[in-house]
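For reference, the structure is listed below as structure tokens.
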Amino acid sequence: MTPNQKIEQWLTTAKHSFSTAERPFVTLSYAQSLDGSIALRCDEPLALSGRQSLQLTHQLRSLHDGILVGIGTVISDNPQLTVRHWEGVNPQPIVLDSKLRMPITARLRHSPDKTCWVLTTCEGENARESESDLDHSQGLEITALEGNADGRVCLEGALKLLRQKGITSLMVEGGAAVITAFLKAQLADAIVITLVPKLVGGYKAVNDLGVSSKAALPAISPLFSSPLGDDLVVWGQLSYGDGLQ
Ligand SMILES: NC(=O)c1ccc[n+]([C@@H]2O[C@H](COP(=O)([O-])OP(=O)(O)OC[C@H]3O[C@@H](n4cnc5c(N)ncnc54)[C@H](OP(=O)(O)O)[C@@H]3O)[C@@H](O)[C@H]2O)c1
Numbered sequence: 001m002t003p004n005q006k007i008e009q010w011l012t013t014a015k016h017s018f019s020t021a022e023r024p025f026v027t028l029s030y031a032q033s034l035d036g037s038i039a040l041r042c043d044e045p046l047a048l049s050g051r052q053s054l055q056l057t058h059q060l061r062s063l064h065d066g067i068l069v070g071i072g073t074v075i076s077d078n079p080q081l082t083v084r085h086w087e088g089v090n091p092q093p094i095v096l097d098s099k100l101r102m103p104i105t106a107r108l109r110h111s112p113d114k115t116c117w118v119l120t121t122c123e124g125e126n127a128r129e130s131e132s133d134l135d136h137s138q139g140l141e142i143t144a145l146e147g148n149a150d151g152r153v154c155l156e157g158a159l160k161l162l163r164q165k166g167i168t169s170l171m172v173e174g175g176a177a178v179i180t181a182f183l184k185a186q187l188a189d190a191i192v193i194t195l196v197p198k199l200v201g202g203y204k205a206v207n208d209l210g211v212s213s214k215a216a217l218p219a220i221s222p223l224f225s226s227p228l229g230d231d232l233v234v235w236g237q238l239s240y241g242d243g244l245q
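Under this note's numbering, the residues of the sequence shown are numbered 1 to 245, in order.
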């Protein structure tokens, strides 16, 4: 079996055994250097993974109903979030964008077959209306949700809405703030990391999780791994100990 087949089989099983109907099954997936960097800086993309890992990313996209990124990634990378390096259906693109900062030049405004869903906070939605800036919603379906204590989109509310809208599986592709938020909220079920044999000394994938003890750290068990081109892919289901704050 190829690494791609192994990962697809594992993911299919994991998704099927997921029993909660309240929210989608959530997979975190990103490429990082051996020192944990996903970019040089937060506002600058770095094409880290090799050709085969890129294909895997697109395969993973095709295996999920939705794909979600934070507005930081949209501003930095201007991604399309479509399936181009694999055969399969494009997932529903979704962006967390509390303050409606989506650039007018964003490629996501021109998604080929699915209008990009933008999840914002009530505050952001009000700001948009008061500016009467009609361009803000061009090519987007904007939904205002409750904000969390930081004024950002509440992840629990976002996932509940996505499930109601028919998203049963969601791939979260980054960036660091969003990856960290999902881990902190214990809302990621599986993880697929492409480890690139480089040391970048850059912007790290995971930041402060507010964990008070080793036992409370998110764990991946069992951990699977396979070389893929020059990279190493590691994957598995996430579990959380007690004590995350
Ligand atoms: N190597 C990889 O696989 C990979 C993948 C993706 C991205 N990246 C890199 O990651 C970098 C961008 O990462 P980033 O950390 O700056 O941005 P990000 O995680 O993409 O987006 C963060 C932004 O999302 C918004 N947001 C809304 N609700 C949120 C919530 N509940 N929790 C967290 N964020 C929420 C916030 O902006 P508002 O407050 O305005 O809503 C926040 O600043 C870029 O350099 C990109 O190239 C790398």
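Even for Gly, the Cβ is constructed at its ideal location relative to N, Cα and C.
The Cβ atoms of L140 and R109 lie closer than 8 Å to each other.
Between L56 and L228, the beta carbon gap of about 6 Å places them in contact (Cβ cut-off 8 Å).
Excluding sequence positions up to five before and after D135, its CB lies within less than 8 Å of the CB of I104, all in the same chain and listed in chain order.
Rounded to whole angstroms, the Cβ separation of L28 and I220 is 10 Å, and the two are not in contact under 8 Å. Secondary structure in the segment 9-89: the beta strand (DSSP E) runs of 3 residues or longer, each lying completely within the stretch, are 25-33, 37-39 and 66-70 in chain order.
CA-to-CA, the gap between I75 and F224 works out to about 33 Å. In this structure, the straight-line span from the alpha carbon of N90 to that of L96 is close to 19 Å.
For V234, no alpha helix (DSSP H) run applies; the uninterrupted beta strand (DSSP E) run containing it begins and ends at D231 to S239, by DSSP. Scanning L145, N148, G66 and L100 for the CA closest to the CA of T115 turns up G66. Runs of the beta strand (DSSP E) spanning 3 or more residues and lying entirely within the segment 176-241 occur at 190-196, 224-228 and 231-239, in chain order. At a cut-off of 7 Å, the beta-carbon of P197 does not count as near ligand 1: no heavy atom of the ligand is closer than that.
For A144, the three-state secondary structure derived from DSSP is strand.
Residue G175 holds the alpha-carbon nearest to the alpha-carbon of P79 among L63, G175 and Q5.
Of the residues assessed, T12 falls on the exposed side of the cut-off, its CB having fewer than 16 other CB atoms within 10 angstroms. Residue pairing from DSSP leaves C154 without any beta-bridge partner. Proximity of the beta carbon of P45 to ligand 1 is indicated: a heavy atom of the ligand is located closer than 7 Å.
The beta carbon of A205 lies closer than 7 Å to those of Y30, Q32, G36, I38, A176 and I179 in the same chain, with the five residues before and after it left out. Taking C-alpha positions only, D150 is separated from T194 by approximately 30 Å.
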